[in-house]
Amino acid sequence: MPYQFSPSSTPTAATAEVSVLIRITTDAGQAPDLAARVVEAVRTAAGGNPLTVSIPTAPTVPAPRRPLGSRLRINVADRRVEHEGALVDLTRLEFDLLLFLCRRPNRVHLRTTLLAEIWGLPEEVHTRTLDVHVRRIRRKLGSAAAMLDTVRGVGYRITGTEGLSIDEPA
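The sequence shown begins at 32 in my numbering and counts up by one.
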């Protein structure tokens, strides 16, 4: 059956809920981009109607190993970031975003996941604030910015973590 149709719980309601399950087998490296394209196609087909998208887990995509070339240290208790011994002045959200990504390296994090986890925004929200924060973090990190990868149309990941240390509180 290509689709399921279920009337709303209210018998007289003029609305209905449509649930769609799509399974596509593809190369692991192409999965995040394919998922993003499918979600955008469904959003377009929904024509402005409320839409809830649930992607259980972003696939883990091995990233090419790149040496960081510099030392980046995150002190969680003090909420401080140092690059090559110099303090990096980050805003609260920049720090939270960098820490979230660094605690989960070499994994693609969907834009919707980052907006929900860091900003507390619902998945339906489309905003460029994430891109602005990533750009500011990269500018402030200098040579360590190379570790923050963009996965076009999908999200971001941290790679090349050889020079990264996270000091967690005891």
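Note that beta-carbon positions come from the ideal geometry of N, C-alpha and C, so glycine has one too. On a predicted model such as this, the values are computed, not experimentally measured, just so you know.
Item, Value
"Valine 185 by DSSP, collapsed to three states: which one?", "coil"
"Please name the residue, chosen from Arg167, Thr192, His114 and Gly173, that lies closest to arginine 123 on a Cα-to-Cα basis.", "Arg167"
"Contact defined as beta carbons within less than 8 Å: I believe leucine 161 pairs with valine 119. What is the distance between those atoms, to the nearest angstrom?", "Between valine 119 and leucine 161 the Cβ distance is about 19 Å, and since that is not below 8 Å, they are no contact."
"Measuring straight from C-alpha to C-alpha, what distance separates glutamate 193 and glycine 79?", "45 Å"
"Taking 8 Å as the cut-off, does the segment 138-146 touch the segment 178-191 (at least 3 CB pairs, one atom from each stretch)?", "yes"
"Isoleucine 105 and aspartate 127: beta carbons closer than 8 Å?", "no"
"Please tell me whether leucine 103 and histidine 114 are closer than 8 Å, where the distance is taken between their beta carbons.", "yes"
"Please classify arginine 68 as buried or exposed, where buried requires at least 16 other C-beta atoms within 10 Å of its C-beta.", "exposed"
"Helix or strand or just coil, what does DSSP make of glutamate 193?", "helix"
"Where does valine 49 fall in DSSP's three states?", "strand"
"Measuring only the C-alpha atoms, how far is methionine 178 from arginine 74?", "32 Å"
"Out of Ala176, Pro200 and Ala201, which has the shortest C-alpha to C-alpha gap to glycine 191?", "Ala176"
"Taking DSSP as the reference, what is the three-state secondary structure of aspartate 214?", "Past the edges of the chain, shown from 32 to 201, lies residue 214, and the structure says nothing about it."
"Taking C-alpha atoms, which residue in Ser196, Glu71 and Thr46 lies nearest to arginine 135?", "Ser196"
"Within 10 Å of its beta-carbon, does histidine 157 have 16 or more other beta-carbons around it, so buried, or fewer, so exposed?", "exposed"
"Report yes if the CB atom of leucine 132 is closer than 8 Å to the CB atom of isoleucine 189, and no otherwise.", "yes"
"Report buried or exposed for alanine 72, applying the criterion of at least 16 other Cβ atoms within 10 angstroms of its Cβ.", "exposed"
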